[in-house]
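Student: FYI, the numbering for the sequence shown is 200 to 268, going by the working numbering.
Note that CB positions come from ideal geometry on N, CA and C, so glycine has one too.
A quick note: this is a predicted structure, and the numbers were derived from the prediction, not measured.
Quick one: structure below, then a few questions.
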Amino acid sequence: MYFAGYLTQFTMLLTITLILFGLVIINLLLLKFSCNRTKRVTKIDKKPVVLRTRITMPKASQTLAPTGS
């Protein structure tokens, strides 16, 4: 009877360990063979597009704010 308690505990721990190990293996296999792969672009031949060639700076206003004094 004393030995039977250890035997049931051992089988329970062994079952839990095997189930977790199996789930980890399945997870790694799914990660390895997943179909969510992206296409890599190796070469870009396009030149950059210039939208405006001239840069216009707005003229600064010379009006001063009232100081109240």
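(1) With H, G and I counted as helix, E and B as strand and the rest as coil, what does DSSP make of Gln261?
(2) With 8 Å set as the bound, which would you pick, yes or no: does the beta-carbon of Lys242 sit closer than that to a beta-carbon of chain C?
(3) Could you give the distance in angstroms between the alpha-carbon of Gly267 and the alpha-carbon of Ala259?
(4) Pick helix, strand or coil for Thr269, following the three-state DSSP scheme.
(5) Go ahead and pull the three-state DSSP assignment for Thr216.
(6) According to DSSP, simplified to helix, strand and coil, what is Asn235?
Tutor: Considering the structure as presented:
(1) Of the three classes helix, strand and coil, the one that applies to Gln261 here is coil, per DSSP.
(2) Of the chains in the structure shown, none is chain C; there is only one protein chain.
(3) 23 Å
(4) No statement about residue 269 is possible, as the shown extent of the chain runs from 200 to 268 and does not include it.
(5) helix
(6) coil
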